[in-house]
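Enquirer: Chains R and Y supply the protein sequences, listed in that same order.
Take the first sequence: its position 53, counted from the start at 1, is 38 in the numbering used here, and no numbers get skipped.
Converting from the second sequence to the numbering used here requires adding 15 to each position, the first position being numbered 1.
Glycine included, each C-beta is placed from N, C-alpha and C at the ideal position.
Remember, predicted model here, so these are calculated numbers, not experimental data.
Pasting a structure here, questions to come.
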Amino acid sequence: MPPREMCPNDFAACAPIGLTGGGTIYEAVRVVIPPQGFDTPFWAGYIDLDEGARFFAQIACAEGESPPRHGDRVQMNVEWIGTADRRVLAPVFSRVAN
Amino acid sequence: MTTYLAGVGMTPFGKFRDSTMASLGRVAGRQALTDAGVDPHRIEMIACGSARSGILHASESGVGQLIGWDLGIQGVAVYNEKAFCASGAVAFNIAHMALSSGAHDVALVIGVEKMSSRDGAGRPLTSDGMALEGEQGFTPPAYYGMAARRHMETYGTTREQIASVAVKNRAAAQHNPKAQYRDPITIGDVLGSKEVVWPLHLLDCCPTGDGAAAAVLVNEAGAEKLGLEPAIRVAASVIGSGYYLKQNRDMTSFSLDKATSARAYELAELGPSDIDVAEVHDSFQSPRSSTTRTWGSANPEPGASSSKRAKRRWAGVSPLTRAVVCSTEATRWVRPASPSSSSCATSCEAARERARWTAREPRWRTSTVASTKGISPRRASRFWQRGRATDDRAGRAVTGRFVVGARRRFAIPVACQPLSDVRGRQGAATGDVPE
């Protein structure tokens, strides 16, 4: 990230590839003081996608649930995030069994 | 040609409601010119670093020109540099290159940032190319919080060790009249402050503030033209960009930092053991132990023991010795030992000012301390290293940790400058920056 249009090794045009949505958490944190655009604290982190890219995204973690950790397997969903008056569809990862 | 430091200047750091990028830069620039004894019209180039003037103040490409206008400098080459936290260091690097090559002989370097206000509300400040991450809630503390968690899990670093960096910084800041926050804090204070992104709490994070610093650099030809005899040689200045093709994904250390510091040591023909004092920049406390380890000044072995040793080593960095001048240019993290401000762009120049205090006037400072205590400079030095000295003029005890490492030259900043009225200005914005 961010995506490239050309390969830096031979300058060939890059072609889109499909993602399975599967990945592994590299590290995750709870953002207690949410930035502008968010009302409540949330978990987020770097996901090492199975296809190789490292991707920052929010991670689902309900109150009382064990916190996301390094090495947890995750799967991508698409959910609404943000404040009520400014919501965006974004990738949100949920933990799945290893 | 060789580059020399001829003069320096720096504003106090704080929230100056009425200040502007130009006024901050002017104050620091005037101090540097006066300090060097150089008339503004003798300046041949300006290098000005500022990271956030565009997004915060709609001042995109002419910050150096605005400051030059205020200082009465005209018709010269102006280089405006933007490199996030390294902006001030990059401006210094540009001037160093220009003087080393002989393209110019006399340069004014300025680092300036005004962080306490912005035009309207907005998302947290992030790097270019991170718009998508911003939409998903990315914040800089989240990044450093993850780095801290990785470090803790990988090396066994404890939460208290991370907090101890902030405690150490405040211990130094209480003696720095230009620091933004000067009240000493404890590990309990840090852990008890508001949580931002665990493990980082509010007192682990840099405050937002305004400030500027400046330096006048000359080469041999410039010194001859101006009749100067500068005493501080710039041993090395190295910058670099990230390694994008083969990214090192380990967040516990930074390959770029290793590379630039190694190159600087090579150019300066120095090693980590030669450095008496290092001033390290970090916006958040968590990776500090990794950066000191990265650039070779702490125990290279990973683990908590490394953090402990690093903490001891940096526990009382006194604001300088001659070696700092080398190290100042040797890394991109050199920064006031106090957590004075988030205006990272100015940090390197701040270190330079203190470098000069000792390097050019060691006798005065030594004798000042000696007279304060009524003991010989040599004996005073021992006292300080043992942590038993008291600065009567400051009216409070100064712990020995504060001056650990001042072996060659004896420097105590509180004895170098009278305490100014900036002490006590914390939190709320005040008026304009003092001239």
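Is DSSP giving Y/W84 helix, strand or coil here?
Expert: Three-state DSSP puts Y/W84 in a helix.
Enquirer: If we call anything under 8 Å between Cβ atoms a contact, is Y/A43 one with Y/A228?
Expert: Result yes, Cβ atoms of Y/A43 and Y/A228 sit closer than 8 Å.
Enquirer: List the residues of chain R that Y/E150 touches, going by C-beta distances under 7 Å, in chain order.
Expert: Simply V73 and A75.
Enquirer: Measuring CB to CB, does Y/A62 end up less than 8 Å from Y/A101?
Expert: Their beta carbons are not under 8 Å apart, which means Y/A62 does not touch Y/A101 by this criterion.
Enquirer: What beta strand (DSSP E) runs, 3 residues minimum, are completely inside the segment 213 to 248 of chain Y?
Expert: Entirely contained in the segment 213 to 248 of chain Y, the beta strand (DSSP E) runs reaching 3 residues are, in chain order, 225 to 234.
Enquirer: For R/P19, which residues in chain Y fall below 8 Å Cβ to Cβ?
Expert: G152, listed in chain order.
Enquirer: Step through the CB atoms of chain R and report whether any lies within less than 8 Å of the CB of Y/A157.
Expert: For Y/A157, the answer is yes, since a Cβ of chain R falls inside 8 Å of its Cβ.
Enquirer: Indicate whether at least one CB of chain Y lies closer than 8 Å to the CB of R/G30.
Expert: Chain Y, which has a Cβ nearer than 8 Å to the Cβ of R/G30, makes this yes.
Enquirer: What's the C-alpha gap between Y/S298 and Y/L271?
Expert: About 17 Å.
Enquirer: In angstroms, rounded to a whole number, what distance separates the CA positions of R/G56 and Y/E284?
Expert: Each residue's alpha carbon lies about 43 Å from the other.
Enquirer: Could you give the uninterrupted runs of the alpha helix (DSSP H) lying entirely in the segment 16 to 81 of chain R, keeping only those of 4 residues or more?
Expert: Counting whole runs of 4 or more residues, the segment 16 to 81 of chain R contains no alpha helix (DSSP H) stretch at all.
Enquirer: For Y/R394, I'd like the list of residues in its chain whose CB is within less than 6 Å of its CB, leaving aside the five on either flank, ordered along the chain.
Expert: Unreliable positioning characterises Y/R394 in this predicted model, as indicated by a pLDDT of 37, which lies under 50. A coordinate reading is not provided.
Enquirer: Quick one: what does DSSP say Y/Y94 is sitting in, helix, strand or coil?
Expert: Reduced to three states, the DSSP call for Y/Y94 is strand.
Enquirer: Show which residues of chain Y have a CB atom less than 7 Å away from the CB atom of R/R39.
Expert: Chain Y residues near R/R39: R264.
Enquirer: Rounded to whole angstroms, what's the CA-CA distance from Y/R32 to Y/A106? Just pull it up for me.
Expert: Near 26 Å, if we compare the C-alpha coordinates of Y/A106 and Y/R32.
Enquirer: Does DSSP put Y/P354 in a helix, a strand or coil?
Expert: Unreliable placement is indicated for Y/P354, whose pLDDT of 29 sits below 50; the coordinate value is still reported in the next sentence. Coil at Y/P354, not helix or strand.
Enquirer: Between the alpha carbons of Y/G203 and Y/E450, how many angstroms are there, rounded?
Expert: Computed Cα separation, rounded: 37 Å.
Enquirer: With a threshold of 16 other CB atoms inside 10 Å of the CB of R/R146, please say whether the residue is buried or exposed.
Expert: Chain R is shown only over -14 to 83; residue 146 of chain R falls outside these bounds and no answer can be derived.
Enquirer: Please go through the same chain and pick out, in chain order, the residues whose beta-carbon is closer than 8 Å to the beta-carbon of Y/L206, but skip the five residues on each side of it.
Expert: Same-chain partners within the cutoff: R174, E175, A178 and H216.
Enquirer: Using the beta-carbon of each residue, which ones in chain Y are nearer than 7 Å to R/V59?
Expert: Per Cβ cutoff of 7 Å: no residues; R/V59 is ~14 Å from chain Y at best.
Enquirer: Interface residues of chain R around Y/P139 at Cβ under 9 Å?
Expert: What Y/P139 touches in chain R: P20 and Q21.
Enquirer: What do you reckon, are the CB atoms on Y/T445 and Y/G24 nearer than 8 Å?
Expert: Contact flag unset, no.
Enquirer: Would you say Y/W84 faces chain R, with C-beta separation under 8 Å as the test?
Expert: Not an interface residue.
Enquirer: Are any of the Cβ atoms in chain R nearer than 8 Å to that of Y/L121?
Expert: Before going on, a small fix: residue 121 of chain Y reads as Val here, not Leu. Output row for Y/V121: interface = no.
Enquirer: Which residues, in chain order, does the segment 162 to 182 of chain Y contribute to contact with chain R at a C-beta distance below 7 Å?
Expert: The residues in question are R164, R165 and E168.
Enquirer: Scan the segment 35 to 70 of chain Y and note each continuous beta strand (DSSP E) run of 3 residues or more that stays entirely inside, going in chain order.
Expert: As far as the segment 35 to 70 of chain Y is concerned, its whole beta strand (DSSP E) runs of at least 3 residues are 60 to 64.
Enquirer: From Y/S74 to Y/S38, what distance separates their C-alpha atoms?
Expert: Using only the alpha carbons, I get a separation of about 13 Å.
Enquirer: Measure the alpha-carbon distance for R/R93 versus R/W65 and round it to whole angstroms.
Expert: Chain R is shown only over -14 to 83; residue 93 of chain R falls outside these bounds and no answer can be derived.
Enquirer: Give me the chain R residues within the contact set of Y/G160, using Cβ-Cβ distance strictly less than 7 Å, ordered along the chain.
Expert: Within chain R, the residues near Y/G160 are V14.
Enquirer: In chain order, which beta strand (DSSP E) runs of at least 3 residues are fully inside the segment 95 to 164 of chain Y?
Expert: Fully enclosed beta strand (DSSP E) runs of 3 or longer: 121 to 129.
Enquirer: Look up Y/A21 in the DSSP assignment and say whether it is helix, strand or coil.
Expert: Strand, per DSSP.
Enquirer: Does the distance from the C-beta atom of Y/A47 to that of Y/G22 stay below 8 Å?
Expert: In contact: Y/A47 and Y/G22 (Cβ atoms closer than 8 Å).
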